[in-house]
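Residue numbers (our numbering): 230 to 443.
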């Protein structure tokens, strides 16, 4: 009886050992976190940029549109809270809007001539990053001090509004031109540029929404 049962016992033992071994062995299928990490961080596309790096590039627009929304909202604050003259404020705002295309032309010429290369070497910073960095700071300062006029009398208040609006729109135009030019250079192919453009749209909406919060 024992001899007849021995092969069966050995078979059961070997089968159990195989089951234990299969449980101990790592699964060949990647887990959810591993797959997510791979999809976010693995290089892809002609230039080898991961999805995370593309999103990081697009998120540079978050601060820009946050600043632009804060600056653009100043007109209502000046009228409702600071008591500025509505006619004068409207004319000044129209003047700033009229000046914007000339700002873009001037800024484009300055960037093409690499006027900041002396302080920010092109070999280290590139051609567009210095403009984005410096003018985001300018825009942030303008978005802050535009709400801190030195006086609430009519002329100083309107002069402060005009100078800060021009500074804010100068910074906004400079950053937009630098970003668009950099995107064309970094992602020249349509497939990658479409994905980056979608990420940029989300970054712009998020920045504008946060900038509009009271």
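Cβ atoms here follow ideal geometry from the backbone N, Cα and C, with glycine treated the same way.
How would you call residue 441, buried or exposed, if buried means at least 16 neighbouring beta carbons within 10 angstroms? Exposed, because fewer than 16 other Cβ atoms sit within 10 Å of the Cβ of residue 441.
Might you give, ordered along the chain, the residues of its own chain that have their beta carbon closer than 8 Å to the beta carbon of residue 387, omitting 5 neighbours on each side? So the list reads 313, 314, 317, 318, 321, once near-sequence residues are dropped.
Indicate whether residue 300 and residue 406 have their beta-carbon atoms separated by less than 8 Å. Not in contact: residue 300 and residue 406 (Cβ atoms no closer than 8 Å).
Looking at the structure shown, is residue 279 part of a helix, part of a strand, or coil, going by DSSP? The three-state secondary structure of residue 279, taken from DSSP, is coil.
Supposed contact pair residue 270 and residue 281 - C-beta distance, whole angstroms, cut 8 Å: Contact between residue 281 and residue 270 holds, with the beta-carbon distance rounding to 6 Å and staying under 8 Å.
Less than 7 Å between C-beta atoms, sequence neighbours within five positions excluded: which residues of the same chain meet that for residue 428? Counting only Cβ-Cβ distances below 7 Å, and skipping sequence neighbours, we find 283, 284, 287.
Does the separation of the CB atoms of residue 357 and residue 411 fall below 8 Å? Taking 8 Å as the Cβ cut-off, residue 357 and residue 411 qualify as a contacting pair.
What is the DSSP secondary structure of residue 254, reduced to helix, strand or coil? With a pLDDT of only 45 at residue 254, under the threshold of 50, the placement of this residue in the model should not be trusted; the figure read from the coordinates follows. Three-state DSSP puts residue 254 in coil, outside helix and strand.
Would you kindly work out how many angstroms separate the C-alpha atoms of residue 425 and residue 291, rounded to a whole number? Spanning the two alpha carbons is a distance of roughly 14 Å.
Buried or exposed: residue 423, going by 16 or more other Cβ atoms within 10 Å of its Cβ? Burial check for residue 423: the Cβ neighbour count within 10 Å stays below 16, so the residue is exposed.
Proximal residues to residue 391 (C-beta, below 8 Å), its chain only, five neighbours per side dropped: The beta carbon of residue 391 is closer than 8 Å to those of 321, 324, 325 in its chain, skipping five residues each way along the sequence.
Which value, in whole angstroms, describes the spacing of the CA atoms of residue 306 and residue 272? For residue 306 and residue 272, the gap between their C-alpha atoms comes out near 46 Å.
With DSSP collapsed to three states, give me the class of residue 273. Note: residue 273 maps to strand in three-state DSSP.
Can you have a look at residue 330 and say buried or exposed, based on whether 16 or more other CB atoms are within 10 angstroms of its CB? Exposed.
Have a look at 354, 344, 308, 337 and flag the residue whose alpha-carbon is nearest the alpha-carbon of residue 401. For residue 401, the closest C-alpha among the options 354, 344, 308, 337 is that of 337.
Any idea what DSSP makes of residue 383, helix, strand or coil? DSSP, read as helix, strand or coil, puts residue 383 in helix.
Under three-state DSSP, which class holds residue 314? Taken through DSSP and simplified to helix, strand or coil, residue 314 comes out as coil.
6 Å CB neighbourhood of residue 297 in its chain, flanking five on each side removed: A distance below 6 Å between beta-carbons, with the five flanking residues on each side excluded, links residue 297 to the following residues of its chain, in chain order: 401.
Helix, strand or coil, according to DSSP, for residue 394 in the structure here? Residue state, collapsed to three classes: helix.
Beta-carbon proximity list for residue 345, same chain, < 6 Å, skipping 5 on both sides: Scanning its chain for C-beta atoms nearer than 6 Å, with the 5 sequence neighbours on each side dropped, one finds around residue 345 the residues 359, in chain order.
Does the distance from the C-beta atom of residue 389 to that of residue 332 stay below 8 Å? The Cβ atoms of residue 389 and residue 332 do not sit closer than 8 Å to each other.
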